[in-house]
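*Asks:* Protein chains in written order, with our numbering: chain D, 45 to 659; chain U, 40 to 390.
Handing you a structure now.
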Amino acid sequence: MSTGPRNNDFTIRIANVNGTGSASANTLLMKSFFRMGIPVVGKNYFPSNIQGLPTWYEIRVSGDGYMARAGRVDIMLAMNAETYQKDLADVAPGGYLIYDSTWPRRTLLNREDVTIIGIPLARMCNERFSTARARVLMKNVAYVGAVAALLDIDMEVIAASLDKTFAKKADLLADNHVAIRLGYDYAQANFACPLPYTAQRIDKTSQHIMIDGNTAAALGAVYAGATVGAWYPITPSTSVMDAFASFCQRYRVDEKTGRRNYCIIQAEDELSAMGMVLGAGWNGARAFTPTSGPGISLMSELLGYGYFAEIPAVLINVQRCGPSTGMPTRTQQADILACAFASHGDTRHVLLFPSSPEECFYFGATAFDLAERLQTPVIMLTDLDIGMNDWMVPELNWDDAYRPDRGKVLDAAALDKMKSFHRYLDVDADAIPYRTFPGEHPKGAYFTRGSGHNMYGAYTEDSNEYQEVVDRLRRKWETAKSYVPGPAIWYSDKIRTAIISIGSCDGAVIEARDRLLESGIGINYMRVKAFPFDEQVEQFIEAHDRIYVVEQNRDAQLRSLLILETDTDPAKLLPLLFYDGLPINAQGVIESIRQDQAKGKAKGKAKGKDKGVAA
Amino acid sequence: MSFITKPAAVHPRSPKNELGLTIRDYEGGMSTLCAGCGHDSVTGAIVQSVFELSIPPHRMAKLSGIGCSSKTPAYFVRQSHGFNTVHGRMPSVATGANAANSDLWYIGVSGDGDTLSIGLGQFCHAIRRNLNMLYIIENNGVYGLTKGQFSASADLGSKAKKGAENQQPPIDPCRTAISMGAGFVARSFSGDKQQLVPLIKAGLSHKGFAVIDVISPCVTFNDHEGSTKSYEYTRQHFHPALHADYVRPSEEIRTQYNEGEAMPVTLHDGSKIVLRKVAGEYDPTDRASVYSHLERSQQAGEIVTGLLYYNDGLKEMHDVTNVVDQPLSTIDHSVLCPGNDALQALQNVWR
C-alpha cells in the first residue's frame, strides 16, 4: 500500500505503560477525530495486569468508515522505553515515530524510512506541574497536544472535549488545558506542521455514537427487562455487569421507596452464577450472566440442565483467547463449538453472534425473548474486541411498542380454567411446552428435574418415555430456526465465490471485499448471526462453488459447525483463520484470498479449464 | 422400597389445618428409598410440619441436589414446586429463585455428600448471603447411591460396611454453618420426630438461613457395628442440648416453664420458639461457647442435638439487596424499560 500523504486515513498507535493514566488521554484523542466528523475506531491492547506492563492503544482514522484494525501503524507514539525497539519496527515505511526526548535513546536512528520526532514531554511537564501525579498524567495529555499540531486536529474540538470530560473537576480541567498547549506549542515551534497525514473535518459521524459492546449488551438487558444478574468477575466480561449495575442504579430504583426493581448477585464462582440464573428463570424473572471462556467451562453442567429441564437463561460470553487461562486480555472466537454443545449428552444451545456493539444492544434484548419463547439457555457470543473496544455505531433506537415475548406461560386465570397442567406436553405441535411460575396457582405445580422425565414431568427410566422427550427437544430445535435472526447476505448471482463469516470479523471482511473488488475480484458475503442456522445459510452455501470461512480461531470452528449442521460438501469451505489474539484486519483476509485465487487460476490453466467444486 | 400404594381416600374425620387441608394433602409420591431409611422419617416430619404450619402447597418451593436425600422432595407436598438441581448446586439455584421471588417458602433438602463435598462452597456462600430458606441435611456419613463410600461427614475411625476405617477428619455442618454466620443452626435425628418437627417449623419461620443437620442413618450401607452414623450409635450418643418448642402466631404458650428455664424467642411472623435448657449451662446465643461446646462434644463422640445456635438479628439476603417485595417476574415491562427518550438522552455521553 502506498505511503504518500493521506487525509483522514491513518493509524496512530500509542505505546505506553499500564497504570499511568493514559486511557483518558487516548480517548480524548480518538474522540477528537469523531467530533470532527471523521469515522474512527479505537483498539486497546492491554496486559492482564494492573500496573507497569506494556500497553498499546491504536486509533484508526478512516474517512471511508472502515472499522477493522488497520494492520499497519503510520504514527507511533513511543512512550514506553521498554518496547521502543518493537514499536519502531512496527511503523509502516514512510511513517512517523514520536518519542519523549527528555531522555536520549541510543537506537533512535536505526530506520531511515521512519521520521523520528522528539518532544521533551516529561521535561516540559516536570517544569510546569508541581505534583508527581500531575507530571505523570499530564505527559499523556501533552502528547495529545503534540499530535493535534502534527495532524492539524481542530484545537477547539479538543478544548470542548476537555470541558465536557472535566466539567466537574476544575483543577484537572485547568491542568489539562495547560498540558495540551505545552505539546501543541512545542510541535508547532519545532516541526513542520502538519505532517502528510491530516485530519480534515467531514460529516460522517453524525447520528453515530462511540460505545463498547459490553456497555451496549448491558443496556440491551436493561431494555429487555432483565431483572436478575448473577455473575463472577472475569476479564473481558466484567464491564457488562458494571454497566448493568450503573444503568439499573439510574433507571430501576423506585423513587419513593428507594427499593430496587432488580437484583445483582456476585456469585462465588461461575457454577453458582449459572445456578442462580436458572433459579431466577425458573421463577419467571429475566435473568442473565456475563462471562468468558473459563466461565463457560464451569457453567456447562448447569447449561445442560437448563436445556433438558427447559429453563430460560441468557449468557453473554465475551470471548477471549483460550485454551485454559489462555490470554485473558486478547480476543478470539474460539468458544463457538464449546457453546453450541456445552454440557454432556445430546445438548445444543441457541447462539447469537453480534458483530458490533450496535448488535450487542439489539441482540442483548432479543436473547431474552428467544430464551423465554424457546424455554432454553441462549448464549450471545461477543468477544474482547467488540466488548471492550470503542466502536463507532449508528445511534441506538428503542421501539417503545416493544413488549417482551414471555413465551408460553400459563397464568392463574388460564390455570383456573384447565383441568390439569403437564409441564412437558407438546400441546401446539411446535415442540414448545407450556410453563408456569411457582406460587401462581395450585394447578401449576410441577417438578423440575435434570433426570429422565416423561412428557408429564414425572421421573422416568422408561426408554420410550425418555426418548419421546429428547425427540421433542430435537423438534424444538427445528422450531428455533424460525425464531433466530437470519444471516446478513450480500449476494450477486453472477458470483460463485463467497465469504462466510461471523461476529467481529465483519469489519475486516467488508473492507477486504471492497479492496478485492477494486482489483477485479468480486465476492459474495454472508454473515451468520445465529445458531441454529436457518435455511438461508444452507441455500447460500449451495449457491457457491468456493467459500472462504473467515473466523478468529485455530480450528475452524464455524466451518466445522456448518459442516456438521448442513449437507454441504466440506471441500468447498476453505478455512481462513486468524487467531493471534489481535482483532482481525482486512489485509490478512485479502492476502489469503488473493493467494488462493492465484493458485486456482494456475491449477485451472494446467488442467485447461477451471472447474468448480460443485455445480 | 415399599410397593404398597396408599389408598386415595381420606378418613372423613382427619384433622384439617387452617386451609382446610388434611395431612394427606401434604404428602408426595411414593418413596423409592430402602425400607427403614432415615430419610423417609425426615420426609414424614416435613409433611407434618408444613401441614401444621398451614402453608399453601403451591406457595412452597422445594429444592435439592443429587443423592438419596435429594430424591426426597418428590415424596412430600405434591402440589409444591420441586427443583431437583445438579449435584451440589442447590444453594445457587435457591439463591436465584429467591432473588426473583422472595415471597415463597423455600425448603432445601440435601445430603452430606451433596452439601459437604461437592457442594461445600455453595453451602457456605448461601449461608454468607443469609438466604431465607430452610436447609435440611440428611446426614448418614456415606454415599448411598454409589454404594457405600465414606462422605465428608464420616467420623474418624468410623468403619465402612466392609471394615475399612475412615482416616480423614469429618466436616461438621453445624460448626461450619456457625462459623459462616448462620443465624439458625440445629441438629436432630431422623428417629426423633418429637424434636425434629418443632425444629423444621421454627426453621421455616426463621427469616434467614436455617440449617438442620439431621442424622439420618443409611440402613443399607452405614448401619453396622463400628459406624458412628448407625441407629444404635446415634441413639446411644444422642444428647439434646436444649429443647425448642414451636408456637404458632395464633397460639399461646401453654406449657408451664420453671423460672429461668425457658427462653421464648419471637420470630418475624409473630410465632415463637421456646428454648428449654436440658443440661448444664448452655447459651444458644453465645456463638463462641456454642462452637467450643460442639467441638468438645465431637471429640467425646457425642452427638449434641437441638437448636444449637440462634441469632435473629441478622439481615437476610433480600434486606441486603434491597430488592422490592413484589416478585420480579410480575413487574410490568413499562416500569423496567427506560424507553426511547431516555435512551436518546443517555447517548450524549457517547457522542
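Heads up, the beta-carbon is just placed ideally off N, CA and C, and yes, glycines get one too.
Measuring straight from C-alpha to C-alpha, what distance separates D/Ile380 and U/Val363?
*Replies:* Straight-line Cα distance between these residues: approximately 38 Å.
*Asks:* By Cβ distance, which residues of its chain are closer than 6 Å to D/Ser283, with the 5 residues on each side in sequence left out?
*Replies:* Taken in chain order, the residues that qualify are Asn258.
*Asks:* Where does the unbroken beta strand (DSSP E) through D/Pro334 begin, and where does it stop?
*Replies:* Start and end: 331 to 335.
*Asks:* Rounded to the nearest angstrom, what separates D/Ala203 and D/His221 at their Cα positions?
*Replies:* Cα to Cα, D/Ala203 sits roughly 7 Å from D/His221.
*Asks:* Using CA coordinates, which residue listed in U/Cys257, U/Val374, U/Gln87, U/Ala193 is at the minimum distance from U/Gln233?
*Replies:* Closest option to U/Gln233, Cα to Cα, is U/Gln87.
*Asks:* I want to verify the contact list: residues of chain D whose CB lies under 8 Å from the CB of U/Val374, in sequence order.
*Replies:* Per Cβ cutoff of 8 Å: Asn305.
*Asks:* Which residues in the same chain as D/Met45 place their Cβ atom closer than 6 Å to its Cβ, once the five residues preceding and following it in sequence are excluded?
*Replies:* Low confidence applies to D/Met45: its pLDDT is 43, below 50, so where it sits in the model is not reliable, and the reading given next is rough at best. Same-chain partners within the cutoff: there are none.
*Asks:* Are D/Phe288 and D/Gly273 touching if we call contact CB-CB under 8 Å?
*Replies:* Yes, Cβ-Cβ distance for D/Phe288 and D/Gly273 is below 8 Å.
*Asks:* DSSP beta-bridge partners for D/Leu121?
*Replies:* According to DSSP, which records beta bridges pairwise, D/Leu121 is partnered with D/Ile58, D/Ile142.
*Asks:* In whole angstroms, give me the CA-to-CA distance for U/Ile254 and D/Ser341.
*Replies:* C-alpha separation (whole angstroms): 35 Å.
*Asks:* So which of D/Ala122, D/Phe385, D/Leu346 has the shortest CA-CA distance to D/Ser145?
*Replies:* Taking only the C-alpha atoms, the option nearest D/Ser145 is D/Ala122.
*Asks:* Please report whether the beta-carbon of U/Pro96 lies at a distance below 8 Å from any beta-carbon of chain D.
*Replies:* Yes, because at least one Cβ of chain D sits closer than 8 Å to the Cβ of U/Pro96.
*Asks:* Label D/Gly96 either buried or exposed according to how many other C-beta atoms from any shown protein chain fall within 10 Å of its C-beta, with 16 as the threshold for buried.
*Replies:* That one is exposed.
*Asks:* For D/Trp521, which three-state DSSP category applies?
*Replies:* In the structure shown, D/Trp521 sits in a helix (DSSP, three-state: H, G or I).
*Asks:* Is D/Phe481 close to chain U? Criterion is C-beta to C-beta, closer than 8 Å.
*Replies:* Chain U, which has a Cβ nearer than 8 Å to the Cβ of D/Phe481, makes this yes.
*Asks:* Could you tell me whether the Cβ atoms of U/Asp151 and U/Ser190 are closer together than 8 Å?
*Replies:* Yes. Within cutoff.
*Asks:* Please say whether U/Tyr349 and U/Val304 have beta carbons closer to each other than 8 Å?
*Replies:* Yes, Cβ-Cβ distance for U/Val304 and U/Tyr349 is below 8 Å.
*Asks:* Entirely within the region 257 to 293 of chain D and at least 4 residues each: give me those alpha helix (DSSP H) ranges in chain order.
*Replies:* List check, alpha helix (DSSP H) in window: 257 to 268.
*Asks:* Please identify the residue among U/Pro212, U/His263, U/Phe122, U/Leu367 whose C-alpha is closest to the C-alpha of U/Val250.
*Replies:* When each option's Cα is compared against that of U/Val250, the closest is U/Pro212.
*Asks:* Which of the three DSSP states, helix, strand or coil, is assigned to D/Phe577?
*Replies:* It is coil, neither helix nor strand.
*Asks:* Look up D/Ile102 in the DSSP assignment and say whether it is helix, strand or coil.
*Replies:* It should be noted that the sequence gives Glu, not Ile, for residue 102 of chain D. Note: D/Glu102 maps to strand in three-state DSSP.
*Asks:* With DSSP as the reference, label D/Ala658 as helix, strand or coil.
*Replies:* For D/Ala658, the predicted model reports a pLDDT of 32, less than 50, meaning its position is unreliable and no value from the coordinates is stated.
*Asks:* Can you check which of these residues, D/Thr64, D/Leu618, D/Gly264, D/Val61, is closest to D/Phe412 by C-alpha distance?
*Replies:* Considering only alpha carbons, the answer is D/Gly264.
*Asks:* Which residues mark the beginning and the end of the beta strand (DSSP E) in which D/Gln363 is found?
*Replies:* Element bounds for D/Gln363: 357 to 363.
*Asks:* Could you name the residues of chain U that D/Tyr101 contacts, counting a contact when the two beta carbons are closer than 9 Å?
*Replies:* Within 9 Å Cβ-Cβ: nothing; D/Tyr101 doesn't reach chain U, min ~18 Å.
*Asks:* Relative to the alpha-carbon of D/Thr541, which residue among D/Gly566, D/Pro529, D/Thr523, D/Gly547 has its alpha-carbon at the smallest distance?
*Replies:* For the residues D/Gly566, D/Pro529, D/Thr523, D/Gly547, the minimum Cα distance to D/Thr541 belongs to D/Gly566.
*Asks:* Quick check: what's the CA-CA separation for D/Tyr478 versus D/Leu469?
*Replies:* Looking at the two C-alpha atoms, the distance is approximately 7 Å.
*Asks:* Quickly, what does DSSP pair D/Met254 with across the bridge? List them, please.
*Replies:* In DSSP, D/Met254 forms a bridge with D/Met436.
*Asks:* What are the boundary residues of the beta strand (DSSP E) that includes D/Arg590?
*Replies:* D/Arg590 -> beta strand (DSSP E) spans 590 to 595.
*Asks:* Rounded to a whole number of angstroms, what is the C-alpha to C-alpha distance between D/Thr366 and U/Ser192?
*Replies:* In the sequence on display, residue 366 of chain D carries Gly and not Thr. Whole-angstrom Cα-Cα distance: 38 Å.
*Asks:* Which value, in whole angstroms, describes the spacing of the CA atoms of U/Asp351 and D/Thr335?
*Replies:* For U/Asp351 and D/Thr335, the distance between alpha carbons rounds to 36 Å.
*Asks:* In terms of residues, what are the limits of the alpha helix (DSSP H) holding D/Thr410?
*Replies:* Residues 401 to 418.
*Asks:* Which one of D/Leu141, D/Ile224, D/Arg172, D/Gly138 has the shortest CA to CA distance from D/Ser76?
*Replies:* Out of D/Leu141, D/Ile224, D/Arg172, D/Gly138, D/Ile224 has the C-alpha closest to the C-alpha of D/Ser76.
*Asks:* What is the residue span of the beta strand (DSSP E) that D/Arg172 lies within?
*Replies:* Counting along the chain, D/Arg172 falls outside any beta strand (DSSP E), though it belongs to the alpha helix (DSSP H) covering 165 to 172.
*Asks:* I'd like the list of long-range same chain contacts for U/Leu243, defined as Cβ closer than 8 Å, with 5 residues on each side in sequence excluded.
*Replies:* Within the same chain, U/Leu243 has close Cβ partners Ser88, Val89, Leu92, Ile94, Trp144, Ile146, Leu173, Ala249.
*Asks:* Whose Cβ in chain D lies nearer than 7 Å to the Cβ of U/Ala133?
*Replies:* Per Cβ cutoff of 7 Å: Gly323.
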